[in-house]
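Visitor:
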Amino acid sequence: MEAFAALADPTRRRIVEMLAERDYAAGELARRFDMTQPAVSQHLKTLRNAGLIGMRKDAQRRIYALQPAGLAELDAWLSRYRRFWNDRLDARDGNADR
Numbered sequence: 000m001e002a003f004a005a006l007a008d009p010t011r012r013r014i015v016e017m018l019a020e021r022d023y024a025a026g027e028l029a030r031r032f033d034m035t036q037p038a039v040s041q042h043l044k045t046l047r048n049a050g051l052i053g054m055r056k057d058a059q060r061r062i063y064a065l066q067p068a069g070l071a072e073l074d075a076w077l078s079r080y081r082r083f084w085n086d087r088l089d090a091r092d093g094n095a096d097r
């Protein structure tokens, strides 16, 4: 899954966290991270290729936003393992009561 590789980087995780609050222009993100525009653009490209964010043009600006479908795919994959661990922990807790 490309999404996990994309989210392995702390800067990209922070970008996703910021985009969860609101949409941002690439220049705004660059200023928030004290990075060059090309460096932020590379992070944004990686997140777009992973399907986690989308981009729309607004005059001269590129506005970035989270893509719910990409996040839903990630959540669906994780939910299998969440169930597995919940079942394991419930079983362990049940054995501890005996």
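In numbering that gives the first Met the number 0, the protein residues as written are 0 to 97.
The beta carbon of each residue, even a glycine, is placed where N, CA and C say it ideally should be.
#1: Give the straight-line distance between the Cα atoms of S40 and Y63, rounded to the nearest whole angstrom.
#2: Whose C-alpha, out of R81, A38, L51 and P37, is nearest the C-alpha of E1?
#3: Grab me the residues of A19's own chain with a C-beta within less than 7 Å of its C-beta, minus the 5 sequence neighbours each way, in chain order.
#4: State the Cα-Cα distance for the pair D74 and A29, rounded to the nearest angstrom.
#5: Using only the alpha-carbon positions, how far apart do D33 and A49 sit?
#6: What are the boundary residues of the beta strand (DSSP E) that L65 is part of?
#7: With H, G and I counted as helix, E and B as strand and the rest as coil, what does DSSP make of M34?
Guide: To lay it out plainly:
#1: Translated into positions along the sequence shown, residue 40 becomes position 41. Translated into positions along the sequence shown, residue 63 becomes position 64. Inter-residue distance for S40 and Y63 is about 11 Å (C-alpha atoms, whole angstroms).
#2: Against the sequence shown, residue 1 aligns to sequence position 2. Checking every option, the nearest Cα to that of E1 belongs to L51.
#3: Here residue 19 corresponds to residue number 20 of the sequence shown, with the count starting at 1. The residues are L65.
#4: Stepping through the sequence shown from its first residue, residue 74 is reached at position 75. Stepping through the sequence shown from its first residue, residue 29 is reached at position 30. Cα to Cα, D74 sits roughly 28 Å from A29.
#5: Position 34 of the sequence shown holds residue 33. Position 50 of the sequence shown holds residue 49. Taking the straight line from one Cα to the other gives about 24 Å.
#6: As a working note, residue 65 is residue 66 in the sequence shown. Looking at the DSSP string, the run of the beta strand (DSSP E) that includes L65 is R60 to L65.
#7: Taking the first residue of the sequence shown as position 1, residue 34 is located at position 35. DSSP, reduced to helix, strand and coil, places M34 outside both helices and strands of the structure shown, so it counts as coil.
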